[in-house]
Amino acid sequence: MPLVTLMVFAPLAGAVLLGLLPREPVAGTRRAALVFALVPFVLALGVLRAFHVGEADFQLLERVAWIPAWGIEYRVGVDGISLLLVLLTAFLTPVVVLASWGDIHRYDREFYAALLVLETGMLGAFVALDLFLFYVFWELMLVPMFLLIGVWGGQRRIYATMKFVLFTLAGSLLMLVAILYGAWQVKAQTGAMSFAYDRFLALRLSPREQLWLFAAFGLAFAIKVPIFPLHTWLPDAHTEAPTGGSVILAGVLLKMGTYGFLRFAIPLFPDAARAAAPWLVVLAVIGILYGALVATVQPDWKRLVAYSSVSHLGFVVLGLFAFEPTAAVGSVYQMLNHGLSTGALFLLVGMVYERRHTREIAAYGGLWATVPRFAVCLLVAMLASVGLPGLNGFVGEFLILLGSFRTRPVAATWATSGVIFAALYLLWMYQRVAFGPVTHEENRRLTDLGARELALLVPVLGLCVVMGLYPAPFLRCAQPSVDRMLARLWAPAAVERIAAAPEAR
Amino acid sequence: MPLDPGAFLGRWEVALPGLLVAAAAMLVMLVDALGRRVEQRGLAALGILGLGAAAAAALWLWAAGGTAAGFEDTLRADRYALFFALLVCAGAGLTLLMSVEYVEEQGIAGGEYYALLLLSAAGMVFMAAANDLIVIFLALEIMSVGVYVLAGILRGDARGNEAAVKYFLLGAFASAFLLYGIAFFYGATGSTRLDTIAQAVGHGGLTPMMLVGTALLLVGFGFKVALIPFHVWTPDVYEGAPTAITAFMAVGVKAAGFAAFARVFVAALGGAAASWTGLLWVAAALTMTVGNVTAVSQTSVKRMLAYSSIAHAGYALVGLVAAPAGGSALLFYLVAYAAMNAGAFAVLIALGRRGEPHEALADLAGLGFRHPLLGLAMTVFMLSLAGIPPTAGFVGKFYLFSAAVDAGYVGLVVIGVLNSLVSVYYYAGVVVQMYMAEGARPVIPLGERPALAAAIATAAVVTVLLGVFPAGAMEVARAAFASLR
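Same order as they appear, the protein sequences are chains A and B. When we follow the working numbering, the leftmost residue of the first sequence carries the number 1, and every step to the right adds one. When we follow the working numbering, the leftmost residue of the second sequence carries the number 506, and every step to the right adds one.
Quick look at the structure:
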């Protein structure tokens, strides 16, 4: 049974079915959307069951010829890295559907349909093993996100969504040119055009070619991550997006960038990646510190969380470009952590926004006393984001810093101060929001979290705890594949080229 | 050389597709004149039947090998010609479909309208099949005269009249350039047949006289397909003409123009490609850039689509620059462009009603949720025009740019993708209006305009299908262009 394909296209089928349902009653639409979002999650668990943990290579491969004239195949499969990200995506989507029950009050049917189409794009991009297919899924994510922000977003939603689209496309169109160039190089070297991932891996490119191609791929991914100074779209998009959109954006879409570096930019162009690493490490550290400092002074709660993403993703980039196995696996782990903890923070901000319709931190205070359940959930999410030992964020950041110290001690030292800053801005935010006297009368009348809200938060926060206490299975799943990606860097390029040359004849 | 009528007419079937379209035009005229108050939609159905017959003839000739040539080899039924015959029949068929209710609502005399449209289509079919500069010229005039009249067929509409006069005057001017270029080639080679010219070019390259002729031909074709700097007529004419005719111009005239353009430059002047690709490179870069940048600031969707059609001519020209590898990409792109652009214009027709065209961007406000299917279709067309997968426009651009990268024109491809980025801004602007702006302008339900609905649905389905499963159409385009020798 083509499990991976079923999982990828199940949400799309769900979106179509949703479109066929009547607009009323809204409750029916919402329940149907939840069911359609749970189906891919169940299928993702099936993929997990069928997956052999501990192997580095791609598994559950499925392939069909698609456009034979260009050697394009529909080719999907998962390895330890993509499996974890697929699980994250499939897990977060039903959570987001459930969260949006309270947030979305117009055009529900279209909202959930867009969300499901987006899920197909995300899952597809993670499992695609043909670069043309990857590009198609990559772009498929763009349109639903454009609509999610633009239709259901806040005041400046149209500005934010246009900025998001144009930034993203600016990078990905140049990546398209690079993909094309690579495919023609495959043809020049093997005689047949192909976009297959392994064919691209086998390419022999001059340092100059590598540098250009790395730049084109890297720009696309750096915008998506985002790496400083390409991050300016993110605060706007995050702030204006509806809660569900923010969660998906932070939880999964940003990971597309770091996943792209790990899957494509680094292993495909190792020499260029080595040459660019010092620069990217510096940018990552700037991002960590800059994101943290700017987050500190945000009066807007959601914007604070958005800037904290810039800082957190800086750690992931640092870990990837430290070129050290511990740091790299820490990065993969941190991708999951950030998805969960920042996702939870956005969910919580969204829940309180639904009640008060303001995101000003100053408008809150004393929530510990008035809405204790909310305050406890916020505490866990906040501490996970800070990186408190015992919660998931700690494991990821610790691994990244541990590994980075070995290869990039100076950068790692600076990055460590980012951990302290994170504690500063998050704890300060929590203090202003949850503690102190109740300064606004409205806050007294707030209702605490209901059953639906707890039902969607508890799994997310529970996973934060589990991943903080028992990271071993996740790391065991990712490590071999991460090592395999990085191994390309250590194989001296010149030697490899000579060794590969006779085969190609 | 005395003409042997038997040999001359020996392979008359090469003209069959064009003749059938022309015959349908005559039949429509006769039925309209002689029949007692025939329903106008009956005439449209007759036209579609004629186009279907022509398409069937083209398929038959394709199956028969697609190598036939007749009339002293001035007319060919090679796969290239048949490909365009099919494309023109499909494009004209779509135009007829979207015209059925439009003609009735606007009070246009259906007999004239359909007959002119079909005659013009016949000209297009012959234009793609012509292997002789004079025949190209004649076909081009047949095509153009019909469109000149159709552009101004709403006689009470001042903008339409302006469009018709402007199109006619500038078109006649451009035709003169074309004819002048033909004269230069006749002077240099003693023939107007493309294969003879190709031989001359193959022997001695382009002589100065032929070079002048080439430049003049470029002006003539450049006008018809709206390249920079021969594009100035396009926005006014596109905006002023009745929307269905605008669609016909964007789809049919452009495709036929490119058909003749590419045949002349590849089949006749291909031997001296080095001396004209540089010029086309610049024209492509300029056309893409000016078209896209100007489209950004438009507030009328129809005018925006006019500028976008200029930009798309630029993309298509990239295929000709990268010929021969890019030739099949050019053909594929013209098909994709026909589907998505005809669809977009059809949606514009659906927005309007008699006396209220509703072509401004603001008129689309809120359409997406009030008329979900119409909004979805327009979104598909806009995404496809912007080149976002999984649509025909994406695969078409990918095909073009892929060929250009292979031919070594990476710089032109970078200009092309950056232009795509600019274009996303205004195409997305349409989607923004439809889904993110409030508006309550009433639209006649598509259920009351079944033919228009069919046209939109066909265009949307083709746009998506070509985007998801392009392999078959690509193979056809490849075979078609390969026959151009």
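Ideal Cβ placement from N, Cα and C applies to all residues, glycine included.
Within 7 Å of the CB of residue 888 of chain B, the CB atoms of chain A belong to 143, in sequence order along the chain. Residue 757 of chain B is a Cβ neighbour of residue 629 of chain B, given a cutoff of 7 Å. For residue 513 of chain B, not one C-beta of chain A is nearer than 7 Å to its own C-beta. Chain order gives the chain B residues near residue 184 of chain A as 907, 910 and 911, where near means a beta carbon separation below 8 Å. DSSP links residue 103 of chain A through a beta bridge to no other residue. Taking the C-beta atoms as reference points, residue 601 of chain B is found nearer than 7 Å to residue 553 of chain B. Residues are counted here when their Cβ sits less than 9 Å from a Cβ of chain B; for the region 153-175 of chain A these are 153, 157, 158, 161, 162, 165, 166, 169, 170, 173 and 174, given in chain order. For residue 96 of chain A, none of the residues of chain B pass the 8 Å Cβ criterion, the least Cβ distance being about 20 Å. Counting the other CB atoms within 10 Å of its CB gives residue 462 of chain A a total below 16, which places it among the exposed residues.
With 16 or more other CB atoms across the displayed protein chains lying within 10 angstroms of its CB, residue 121 of chain A is buried.
Residue 386 of chain A sits away from residue 412 of chain A, with the two beta carbons spaced by 7 Å or more.
In the DSSP secondary-structure assignment, residue 74 of chain A is bridged to A:64.
The continuous stretches of alpha helix (DSSP H) do not include residue 439 of chain A, and DSSP gives it neither H nor E.
Taken through DSSP and simplified to helix, strand or coil, residue 575 of chain B comes out as strand. Relative to residue 693 of chain B, the option among B:712, B:548 and B:768 whose CA is nearest is B:712. Taking 7 Å as the cut-off, the beta carbon of residue 751 of chain B is found closer than this to the beta carbon of residue 850 of chain B. Around the beta carbon of residue 792 of chain B, 16 or more other beta carbons lie within 10 angstroms, which makes this residue buried.
Shown here, residue 10 of chain A sits in a helix according to DSSP, grouped into three states. Exposure of residue 470 of chain A is indicated by the presence of fewer than 16 other C-beta atoms within 10 angstroms of its C-beta. Taking residue 296 of chain A as the centre and dropping the five residues before and after it, the same chain places the C-beta of 425 closer than 6 Å to its C-beta, in chain order. Residue 272 of chain A sits away from residue 217 of chain A, with the two beta carbons spaced by 7 Å or more.
Contact note: residue 894 of chain B reaches chain A through 135, 136, 139 and 140, using a C-beta cutoff of 8 Å and chain order.
Cβ neighbours of residue 117 of chain A within its own chain (closer than 8 Å, five residues either side excluded): 11, 12, 15, 140, 143 and 144. Along the region 95-114 of chain A, going in chain order, the ones with a CB nearer than 8 Å to a CB of chain B are 107 and 110. Note on residue 823 of chain B: 16 or more other CB atoms within 10 angstroms of its CB, so buried under the neighbour-count rule. Per the C-alpha coordinates, the member of A:381, A:99 and A:69 positioned closest to residue 451 of chain A is A:99. The region 286-306 of chain A makes no contact with the region 365-381 of chain A, as fewer than three CB pairs between them are under 8 Å. Considering only beta carbons, the part of the region 60-77 of chain A lying closer than 8 Å to chain B consists of 66, 67, 68, 69 and 70, in chain order. Counting along the chain, the unbroken beta strand (DSSP E) around residue 582 of chain B starts and ends at 580-583. Taking a beta-carbon distance threshold of 7 Å, residue 181 of chain A counts as an interface residue toward chain B. For residue 925 of chain B, at least one C-beta of chain A is nearer than 7 Å to its own C-beta. Not one beta carbon of chain A lies nearer than 7 Å to the beta carbon of residue 809 of chain B. Residue 153 of chain A is positioned such that its CB atom lies closer than 7 Å to that of residue 241 of chain A. DSSP, read as helix, strand or coil, puts residue 911 of chain B in helix. For residue 644 of chain B, the enclosing alpha helix (DSSP H) has its first and last residue at 638-656. In chain order, 789, 792, 793 and 796 place their CB closer than 7 Å to the CB of residue 819 of chain B, counting only its own chain and leaving out the 5 sequence neighbours on each side.
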